[in-house]
Structure formats: C-alpha cells, structure tokens
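According to mature numbering (1 follows the signal peptide of the UniProt record, and there is no 0), the stretch in the sequence shown is residues -21 to -1, 1 to 136, in order. Glycine included, every Cβ here is placed at the ideal spot set by N, Cα and C. Each remark here refers to the structure printed beneath this line.
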Amino acid sequence: MRTFLYFTAGFALTTLSSVVGSTQESDRFPSQCYPDPCAGIMFQDNNSLPSFFPLSTELRTYARFGDLCPFEFLLKWTTDIRPNGTYIYPSEDGFVTDIEGIAIWGNVTLRVGQKVDRFGSESGTFLAVLGALYIERALPPTNLNTEDGLQAISNSA
C-alpha cells in the first residue's frame, strides 16, 4: 500500500468551456484576444504542446490559458509578466484544508500494477493515475516544458 497526498484541484487554470478543438491559429485563443494575442507579454512559455502519445491524449481537452488571453492569464496568475515573474500558487499547495487551514491528508490504495505519473521536475511529488487529463491536475502551463518522458520506476520498499 502506498500513501499519497490526495490532491484536489484548488487551482484551476483551464475550463472545459474553453476547449480548443482545432489547431488553426484563429482557434488558439479566445476571439477577444486578436489581432495580437501576445501583446505586452515578456514572460513566455513553450508555445507548442506535446503531440506524442500518451500526452496527446491527456491534453485533448487542454487550453493553455483557459478562456483568457495570454496577457490576461499572466496578469491573473503570475506575480509579474516580465521574465522574473512566478506563478501564484494557493496555500497548502492547493490541497483541501480543514477549518484551521491545514491540508487534509488521505490514503489511497493502488491496485497491484496500477501506474501513476507526474509532470514537471524530477523532484515532483504530485502524482496522478496514468492517463488522467492534464486539466484535472491543476498544474501551470510550464509543467509541460519537460524532456524526461515516460520513466519506469522500481521501488522495493
């Protein structure tokens, strides 16, 4: 049995109502963002999304900035739109809290052979069931900037 923090999306970056169903340039951002969707932005993410399996499946309902223009997104969710800006995260890493503001821990029992994954750096501690949609993970767009791919991990603990 493994004990994991039960992560609840307290910090949603996207909504299903803003699903991007086409790769055409005119469909990448909400219509109010044009003619120049990235005007005034100095803090930039990798603009291309991974297109290989399994990420292509996990990203099928993902819209990088939700229903906001890139500039609006950065004004809302970062400390500064310049390159030194950082994302604003909720308290307790977005976990559900009790009435005293303390994160609620829970146990999750994985069945034998169940696979989990994570996005981000090697030190990432938030796991999800393999194949969970990216929008269910409450992660910022920069967590898609990764080179490590699928890694098999063996733990005899």
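Per DSSP, the unbroken alpha helix (DSSP H) holding W56 starts and ends at 49 to 56. By DSSP's assignment, Y66 forms a beta bridge with T57.
Taking 8 Å as the cut-off, the beta carbon of L112 is found closer than this to the beta carbon of T40. Here DSSP, grouped into helix, strand and coil, assigns T36 to helix. Excluding the 5 residues flanking it on each side, W56 has same chain C-beta neighbours closer than 8 Å at L(-9), Y66, I67, P119, in chain order. P49 is positioned such that its CB atom lies no closer than 8 Å to that of L38. DSSP places D77 in the coil class of the three-state scheme, outside both helix and strand. Straight-line measurement puts the Cα of T76 at about 25 Å from the Cα of L109.
Exclusion of the five residues before and after I83 leaves Y(-16), F74, V75, T76, D77 as the residues of its chain whose Cβ lies within less than 8 Å of its Cβ. With respect to L89, D96 sits apart: the two C-beta atoms are not nearer than 8 Å. For D72, the secondary structure class from DSSP, reduced to helix, strand or coil, is helix. Taking F98 as reference, the option from S70, A117, N86, D46 with the minimal CA-CA separation is A117. Cβ contact annotation for K94 (same chain, cutoff 6 Å, sequence separation greater than five): L109, in chain order.
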